[in-house]
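*Asks:* In the numbering used here, the protein residues as written are 1259 to 1624.
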Amino acid sequence: MPVLKDADLRIFSLSLQQTRGLGAKTALALLGQVGGIFELYRLWKSGTGPAILSKVRLAAGKDLSDLLEQRHVRFVAIWEDDYPRLLKQIADPPFILFYVGDLEVFTSTPALAVVGTRKCSAAALQWTEKLVSESVAAGVNIVSGMAMGIDAAAHKACVAAGGKTLAVLASSPDMPTPAANSALYQQILGNGGCIVSEFPPGTVVRPGMFASRNRIVAGLSQGVLVVEAGAESGALITANLALDYNREVFALPGDIGRDVSFGCNKLIKDGKAKLVQGAVDILVELGVETVARAESYAPAKSASIDPEKLPNDQRDVFVTLSEGAGFPEELAIKVDRSVNDILSCLAVMELSGIVRQLADGKFAIA
């Protein structure tokens, strides 16, 4: 047999991927059985391998290779050295990972997956921005699924902080999904990030593909942060997969009266996730920084606040707290708003460095 080049084996890998009935699990099992991609190719070439190899057509791999070139999509197969190490460790990694952008940085730098509900609260968006920006400042890359809500907020916060973010799509990597996030797709790539998928160009998106991509989100990361999630949120699937992969899981506690807080609170209650009160809780667990250094990434508080420049709800709370610290329930009565509204308002103000919570649970001007 002529001397094989990596290019030949890469085309063969695409051919395996394109073979009907030969999924990633079967391809991985075959690699393990025969001892690697070279031996699998030799068996296919000689016609002496497993029966399913008789279905493999090299032309299909060449056609896909041409399509990838046309769409400016690259790929890496699991047997190659530049396949992400962490992803290779999970029980069911993709046989081939298709991508646009720079994948290399995500093979050597700590990564945190940030996930949550699509219909999130204003406070959750604020916390996402805060935790992501502080993690990026410590040298952590951000991974998420580019869905609406928390996913999109995590990507945007990472880009705004000058970090690298990786989006795992349920479509092919050249097809922004959802289409509403097309601008975000370009921002991710423009900032040196990466878009990945296990699906090649031309794949028709089906509902089950969204759940399938969750394992890649978890697999590419050292830890998963769940910001806000209801009882049925797909973010909980990602968290449980991360636990299966022996990755760290973090959760932001939420108001027990809100449905979107149920998932995070249950993860914490069941001992599956570490409670997060700040980026320091994440950075130290990931081994990125010591407590002292991690705390230094928190943004400085505002030296002075002009209440007249605040939104109406924040202005009312600020003026009331100017008279002295108070519990959320007390503030709700004084400004004639619901406790939930006050809690959301306080969360936003705390993130902005306007107020702080005291040891006894009261809030005061920072």
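Note that the Cβ used here is the ideal one computed from N, Cα and C, for glycine as well.
Counting C-beta neighbours from all protein chains within 10 Å, is the total for residue 1580 16 or more, i.e. buried, or is it exposed?
*Replies:* Exposed, by the Cβ-count rule.
*Asks:* Please report the straight-line C-alpha distance between residue 1404 and residue 1306, rounded to a whole angstrom.
*Replies:* Answer to the nearest angstrom: the Cα atoms are 44 Å apart.
*Asks:* Do the CB positions of residue 1424 and residue 1356 come within less than 8 Å of each other?
*Replies:* Going by C-beta atoms, residue 1424 is not nearer than 8 Å to residue 1356.
*Asks:* At the level of alpha carbons, what is the spacing between residue 1561 and residue 1584?
*Replies:* Low confidence applies to residue 1561: its pLDDT is 46, below 50, so where it sits in the model is not reliable, and the reading given next is rough at best. Each residue's alpha carbon lies about 21 Å from the other.
*Asks:* How about residue 1499 and residue 1476: are their beta carbons less than 8 Å apart?
*Replies:* Contact flag set, yes.
*Asks:* Looking at the C-beta of residue 1338, does it have a partner C-beta in chain B at a distance below 8 Å?
*Replies:* Within the model displayed, chain B is absent; a lone protein chain is all it includes.
*Asks:* Could you check whether residue 1494 and residue 1389 sit closer than 8 Å to each other, using their CB atoms as the reference points?
*Replies:* In this structure, residue 1494 does not lie closer than 8 Å to residue 1389 by Cβ.
*Asks:* On a Cα-Cα basis, can you pick out the residue from 1460, 1408, 1406 that is closest to residue 1432?
*Replies:* The candidate whose alpha carbon is nearest that of residue 1432 is 1460.
*Asks:* Determine the contact status of residue 1396 and residue 1546, defining contact as a CB-CB distance below 8 Å.
*Replies:* Yes, they are a contact pair.
*Asks:* With a Cβ-Cβ cutoff of 8 Å, do residue 1391 and residue 1541 count as a contact?
*Replies:* No. Outside cutoff.
*Asks:* What first and last residue would you give for the alpha helix (DSSP H) that runs through residue 1416?
*Replies:* Start and end: 1408 to 1418.
*Asks:* Which of the three DSSP states, helix, strand or coil, is assigned to residue 1273?
*Replies:* Note: residue 1273 maps to helix in three-state DSSP.
*Asks:* Enumerate, from N- to C-terminal direction, the unbroken beta strand (DSSP E) stretches of 3 or more residues contained entirely within the segment 1411 to 1475.
*Replies:* Here the runs fully enclosed are 1423 to 1426, 1452 to 1455.
*Asks:* Assess contact between the segment 1409 to 1416 and the segment 1379 to 1388, defined as three or more Cβ pairs (one per stretch) separated by less than 8 Å. Is contact present?
*Replies:* Segments in contact, yes.
*Asks:* For the alpha helix (DSSP H) that contains residue 1601, what are its first and last residues?
*Replies:* Note, residue 1601: alpha helix (DSSP H), 1597 to 1609.
*Asks:* What residues in its chain sit with their C-beta under 6 Å from that of residue 1520, if we drop five residues either side in the sequence?
*Replies:* Answer for residue 1520: 1488, 1489, listed in chain order.
*Asks:* Look up residue 1504 in the DSSP assignment and say whether it is helix, strand or coil.
*Replies:* Residue state, collapsed to three classes: coil.
*Asks:* Would you kindly check if the distance between the Cβ of residue 1372 and the Cβ of residue 1428 is under 8 Å?
*Replies:* For residue 1428 and residue 1372, no; Cβs fall outside 8 Å.
*Asks:* Check for me: the alpha helix (DSSP H) holding residue 1369 runs from which residue to which?
*Replies:* Taken as a continuous stretch (DSSP letters only), residue 1369 belongs to no alpha helix (DSSP H), being part of the beta strand (DSSP E) at 1369 to 1373.
*Asks:* Would you mind working out which of 1514, 1486, 1455, 1501 sits nearest residue 1361, comparing C-alpha positions?
*Replies:* Here the closest residue by C-alpha is 1455.
*Asks:* Using CA coordinates, which residue listed in 1353, 1321, 1346 is at the minimum distance from residue 1335?
*Replies:* For the residues 1353, 1321, 1346, the minimum Cα distance to residue 1335 belongs to 1353.
*Asks:* Considering just the uninterrupted stretch of the alpha helix (DSSP H) at residue 1316, what are its terminal residues?
*Replies:* First-last of the alpha helix (DSSP H) with residue 1316: 1316 to 1329.
*Asks:* Under 6 Å Cβ to Cβ from residue 1609, same chain only, skipping five residues before and after it: list those, please.
*Replies:* Cβ neighbours of residue 1609 beyond the five flanking positions: 1384, 1388.
*Asks:* Should residue 1320 and residue 1277 be called a contact, given that it needs their Cβ atoms to be closer than 8 Å?
*Replies:* It is not a contact, given that the beta carbons lie outside the stated cut-off.
*Asks:* On the three-pair Cβ rule with 8 Å, is the segment 1263 to 1277 touching the segment 1339 to 1351?
*Replies:* Taking 8 Å as the limit for Cβ pairs, the verdict is that the segment 1339 to 1351 does not touch the segment 1263 to 1277.
*Asks:* Just to confirm the assignment, what range does the alpha helix (DSSP H) spanning residue 1299 have?
*Replies:* 1295 to 1304 is the span of the alpha helix (DSSP H), which, as asked, contains residue 1299.
*Asks:* Check for me: the alpha helix (DSSP H) holding residue 1292 runs from which residue to which?
*Replies:* Run containing residue 1292: 1282 to 1292, per the alpha helix (DSSP H) assignment.
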